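Note sheet for the following structure.
Residue numbers (my numbering): 312 to 729.
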């Protein structure tokens, strides 16, 4: 047992004589980043039940049942991944809807510091009930949904090209029945030269007063990116796969490595730009020049599925590490992974480390070394910083503890048994 750990244990025991245990957990000495209050300094965080009870200096360790020594770590709100595909199932040839290409939420959330996931269009208004019973009800991870405008959702192939299956009224009506889960709408993978799908999903968003996320491109000839960003989408709507360069869509960075003026104009208009790394949707040739020219993402997300996690994307912390090494500050990276997505899904009790907010907390270590990161096309970028999740807390409960920060040392028990 390290000397620092022994001293902290003695300190807790001595203080416990004078103080009652008023908190379930106190996280001491970590560098707290709370984007909602522009806080970035060493503080203690106390948790009672499923809420953050106090954020301050010098919270007595003796007032807590569990004390976590967070010295040298960042203490941040639980990460929110705005773009995942977790409608895991056993249907063959079904893309990301009830299929093998989607993943089980709890297997990939907590170990990456993620407490909340937003499924970006895997279920549609026809398949949502199956998704709710099969995925949400069996997951500890907090899950929200951007409902697909296509009835069956991301079934792939012709199913996602069928304009007749895109119903704004049915999608909006279902969102009204499940406001606790459905926080927006999604259009993806449509490859026809037709604005009807975009119009349909935006209408659903208008009817339900919710944002929409667009995975845009693929048509021949191309549909106009300017028309989409400046005329079709509303302020607060989300343009995902922002740093992709794919067939059938104008890229944000031109062939001279310059960010198109249209992109800056769209941001001023209120369009939200989401990373959505995925298996094919983040290229360093787009992201690095854009960030150097001041165009940083509004939201950092993974587009998690079996194809992306086993390729360049890997996980949420790997994507965040890329942007950290591309020049964004730690505070900016955390804001894009916590507060920004929380605001989009209109949950002001998430993405924050303020008194009264839900006790979703992640402790991150920044490792220094010689690391390599690959983009969606397999190109490599060198980096010197890499994020690791040491501890993840969901609703006040420890759900991931890499090095046993909340566990008692075995030597304190004669038998080693709890």
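Ideal placement from N, C-alpha and C gives every residue a C-beta, glycine not left out. Given the structure is predicted, the values throughout are model-derived calculations rather than measurements.
Decide if residue 374 is buried, meaning its Cβ has at least 16 other Cβ atoms within 10 Å, or exposed. For the purposes of this step, residue 374 is taken as residue 63 along the chain shown, with counting starting at 1. Burial call: buried.
I'd like to know whether the C-beta atoms of residue 506 and residue 478 end up nearer to each other than 8 Å. Numbered from 1 along the chain shown, position 195 holds the residue referred to as residue 506. Numbered from 1 along the chain shown, position 167 holds the residue referred to as residue 478. For residue 506 and residue 478, no; Cβs fall outside 8 Å.
In three-state DSSP terms, what is residue 716? By one-based count along the chain shown, residue 716 stands at place 405. It is coil, neither helix nor strand.
State the start and end residues of the unbroken alpha helix (DSSP H) segment that holds residue 655. Counting from one through the chain shown, the residue named residue 655 turns up at place 344. That run of the alpha helix (DSSP H) goes 650-655.
How far does the alpha helix (DSSP H) with residue 516 in it reach, from first residue to last? Position 205 of the chain shown, counted from the start, is the residue given in the question as residue 516. Under the DSSP assignment, residue 516 falls in the alpha helix (DSSP H) whose first and last residues are 507-519.
Would you mind giving the Cβ-Cβ distance between residue 457 and residue 491, rounded to the nearest angstrom? I have them listed as a contact below 8 Å. The residue given as residue 457 occupies position 146 in the chain shown. The residue given as residue 491 occupies position 180 in the chain shown. Contact flag wrong, Cβ pair sits at about 14 Å.
Identify, in the order they occur along the chain, each residue of the same chain with its Cβ nearer than 7 Å to the Cβ of residue 482, setting aside the five sequence neighbours on each side. Position 171 of the chain shown, counted from the start, is the residue given in the question as residue 482. If we look at residue 482 and ignore the five residues flanking it on each side, its Cβ neighbours are 436, 458, 460, 496 and 515.
I need the boundaries of the beta strand (DSSP E) containing residue 345, first residue and last residue. Here residue 345 refers to the residue found at position 34 when the chain shown is read from its first residue. From DSSP, the beta strand (DSSP E) with residue 345 extends over 334-345.
Extent of the continuous alpha helix (DSSP H) run through residue 443: As a first step, residue 443 must be located in the chain shown, where it is residue number 132. From DSSP, the alpha helix (DSSP H) with residue 443 extends over 439-445.
Quick one: grab the DSSP three-state call for residue 572. Taking the first residue of the chain shown as position 1, residue 572 is located at position 261. Judged by DSSP in its simplified three-state form, residue 572 adopts helix.
Please state whether the Cβ-Cβ distance between residue 700 and residue 716 is less than 8 Å. Taking the chain shown and counting its residues from 1, the one referred to as residue 700 is at position 389. Taking the chain shown and counting its residues from 1, the one referred to as residue 716 is at position 405. The answer is no: Cβ separation not under 8 Å.
Residue from 555, 544, 542 and 547 whose Cα sits closest to the Cα of residue 528: Position 217 of the chain shown holds residue 528. Ranking 555, 544, 542 and 547 by Cα distance to residue 528 puts 555 first.
Only counting runs of 4 or more residues, tell me where the alpha helix (DSSP H) segments fall wholly within the region 647-696, in order along the chain. 650-655
Could you pull the DSSP bridge partners for residue 385 from this structure? On the chain shown, residue 385 is found 74 positions in, with the first residue counted as 1. Answer is 342 and 675.
Grouping DSSP H, G and I as helix and E and B as strand, with all else coil, what is residue 721? Position 410 of the chain shown, counting from 1, holds the residue named residue 721. The answer is helix: DSSP assigns residue 721 an H, G or I state.
DSSP beta-bridge partners for residue 399? As a first step, residue 399 is located in the chain shown; it is residue number 88 there, counting from the start. Looking at the DSSP assignment, residue 399 forms a beta bridge with 410.
Ordered along the chain, which non-local residues of its own chain (more than five positions away) have a Cβ less than 6 Å from that of residue 494? As a first step, residue 494 must be located in the chain shown, where it is residue number 183. Taken in chain order, the residues that qualify are 455 and 656.
Assigned exposure category for residue 721 - 16 Cβ within 10 Å defines buried: Locating residue 721 in the chain shown gives position 410, counting from the first residue. Classification of residue 721: exposed, given that the 10 Å Cβ count is below 16.
Reduced DSSP category for residue 701 - H, G, I as helix; E, B as strand; rest coil: One-based indexing of the chain shown puts residue 701 at position 390. Note: residue 701 maps to strand in three-state DSSP.
CB contact flag (residue 337, residue 367, <8 Å): Locating residue 337 in the chain shown gives position 26, where the first residue counts as 1. Locating residue 367 in the chain shown gives position 56, where the first residue counts as 1. No, these two residues do not count as a Cβ contact at 8 Å.
Nearest neighbour of residue 334, chosen from 666, 617 and 612 [CA to CA]: As a first step, residue 334 is located in the chain shown; it is residue number 23 there, counting from the start. Among 666, 617 and 612, the Cα nearest to that of residue 334 belongs to 666.
As a quick exercise: from 508, 553, 602 and 415, pick the residue whose alpha carbon is nearest that of residue 640. Mapped onto the chain shown, residue 640 falls at position 329. Closest option to residue 640, Cα to Cα, is 602.
Note down the Cα distance separating residue 634 from residue 453, rounded to an integer number of angstroms. Position 323 of the chain shown, counted from the start, is the residue given in the question as residue 634. Position 142 of the chain shown, counted from the start, is the residue given in the question as residue 453. Using only the alpha carbons, I get a separation of about 25 Å.
For residue 641, does the three-state DSSP call read helix, strand or coil? In the chain shown, counting from the first residue as 1, residue 641 sits at position 330. Correct three-state label for residue 641: helix.
What's the gap between the Cα of residue 408 and the Cα of residue 382? Translated into the one-based positions of the chain shown, residue 408 becomes position 97. Translated into the one-based positions of the chain shown, residue 382 becomes position 71. Answer to the nearest angstrom: the Cα atoms are 43 Å apart.
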